[in-house]
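**Q** Residue numbers (my numbering): 943 to 1349. Glycine included, every Cβ here is placed at the ideal spot set by N, Cα and C. Just so you know, these numbers come straight off a predicted model, no measurement behind them.
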């Protein structure tokens, strides 16, 4: 493989591959040997690449954490040479991304603000690059991109240089991509090739990488030793916890049948599970072509409740935590309007079957910190099996591309 620089021009003939600069002069670019195995790009026993990639998540997350999270916490300089020193100076964080990566950034906002006590702003790259954002002193710019070539994210990172950021951090899956090459710091997600257009393992590995960033920032700012150890232990166990969530596939296949005659769906979540609801909604609309929206459950009475009737399935993410009772109250509002509830609840959450009108699926979330990554998995499976039952092109949904490299 040859990785090109910005504005390179390539001439390919039977005899050779020649790279030129914009001035028309030949330039030298390094040749890299691909480390991909045949197994990595074949479906194997799976019906679709998306299904394969969903089930690869325990391994992908484990690879992302390997040699970065040890028995005593986050290891030194995993973000690059001088990374720990730069992160120690951070006084705020701006996260810029698109699509699924944006949802990962939203989860990170909840994490970093709670545990590191730093202000975090998350913005869609296509909006950020066209407005004059205020950048407080000591702000870290974080770009999240699976491909590292997302046009808006790359342009936003380049724009960030003139706005006075402390530094830039790339969270990406492609080591030689433009975003990685141009960032001050980087953390690779190690998801491996993701062929299905709808992102799955890229999302959970982004969450794993962002969790490492959160833990590093929190530790530097005096997070209690006991709490830090507890969060690290949850993250260490994330691959196994995701594996247990994948075992719920047979029950999710049954739930998927309820969506076949439907044209709309509503997803609800609170706190760090709201971005998970957004991601579940995006997956369903991407590959099944069912119109889906996601809202913070507390916003139900501010408009979305008007949509709820017996033809509207409402999917709720219900982790065990301080907001559970609030969410249960929201679910009662849906029941009172005849909506069909499908609730994914933490196995430790006190919730009876009546709360979900019979559609209650229990999940071992493994702890409040990693719960967003775990609850994402059944929502991916739900979207996948709805799409299969509807007969859509799961791996290549209409009108979409894997990497959006143009505006």
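Apart from the five residues on each side of it in sequence, which residues of its chain come closer than 6 Å, Cβ to Cβ, to residue 964?
**A** Excluding positions up to five away in sequence, the list reads 949.
**Q** Give me, in chain order, the residues of the same chain whose beta-carbon lies closer than 6 Å to that of residue 1263; leave out the 5 immediate sequence neighbours on both sides.
**A** Excluding residues within five positions, the ones whose Cβ falls inside 6 Å are 1310.
**Q** Measuring only the C-alpha atoms, how far is residue 1298 from residue 1207?
**A** Residue confidence for residue 1298 is low, a pLDDT of 46 falling below 50, so the modelled location carries little weight and cannot support an answer.
**Q** Just verifying my parser: in three-state terms, what is the DSSP assignment at residue 1260?
**A** Here residue 1260 sits in strand by DSSP.
**Q** I want to know whether the stretch 1232-1241 touches the stretch 1049-1067 - three or more CB-CB distances under 8 Å.
**A** Judged by Cβ distances under 8 Å, the stretch 1232-1241 makes no contact with the stretch 1049-1067, as fewer than three pairs qualify.
**Q** Give me the Cα-Cα distance between residue 1172 and residue 1197, rounded to the nearest whole angstrom.
**A** Distance between the alpha carbons of residue 1172 and residue 1197 is about 34 Å.
**Q** Look at the Cβ atom of residue 962, then the Cβ atom of residue 953, and state whether they are nearer than 9 Å.
**A** In this structure, residue 953 lies closer than 9 Å to residue 962 by Cβ.
**Q** Leaving out five residues before and five after residue 988 in sequence, what residues of the same chain have Cβ atoms less than 6 Å from its Cβ?
**A** Within the same chain, residue 988 has close Cβ partners 994.
**Q** What number of angstroms, rounded off, separates the C-alpha of residue 1214 from the C-alpha of residue 955?
**A** The alpha-carbon atoms of residue 1214 and residue 955 are separated by roughly 52 Å.
**Q** Using the three-state DSSP reduction, which class does residue 1087 fall into: helix, strand or coil?
**A** In the structure shown, residue 1087 sits in a strand (DSSP, three-state: E or B).
**Q** Under 8 Å by Cβ, that's how I've got residue 1050 and residue 1156 pegged, so tell me the actual separation to the nearest angstrom.
**A** With 8 Å as the limit, residue 1050 and residue 1156 qualify as a contact, their Cβ atoms being about 6 Å apart.
**Q** Of the residues 1037, 1042, 1127, 1008, which one's Cα is nearest the Cα of residue 1054?
**A** Of the listed residues, the one whose Cα sits closest to residue 1054 is 1037.
**Q** For residue 1326 versus residue 1229, is the C-beta spacing smaller than 9 Å?
**A** Cβ atoms of residue 1326 and residue 1229: closer than 9 Å.
**Q** Counting pairs of Cβ atoms below 8 Å between the stretch 1117-1131 and the stretch 1021-1037, do you hit three or more?
**A** They touch, by the three-pair rule.
**Q** Kindly indicate which three-state DSSP category residue 1202 falls into: helix, strand or coil?
**A** Note: residue 1202 maps to coil in three-state DSSP.
**Q** DSSP beta-bridge partners for residue 1113?
**A** Answer is 1086, 1129, bridged to residue 1113.
**Q** Alpha carbon to alpha carbon, how far is residue 1066 from residue 1011?
**A** So the two alpha carbons sit approximately 29 Å from each other.
**Q** Report buried or exposed for residue 951, applying the criterion of at least 16 other Cβ atoms within 10 angstroms of its Cβ.
**A** Classification of residue 951: exposed, given that the 10 Å Cβ count is below 16.
**Q** Would residue 1184 be called buried (16 or more neighbouring beta carbons within 10 Å of its own) or exposed?
**A** Burial call: buried.
**Q** Got a sec? Which residues, its chain only, sit under 7 Å from residue 1052 by beta carbon, not counting five neighbours each side?
**A** Closer than 7 Å at Cβ, skipping near neighbours: 1213, 1214.
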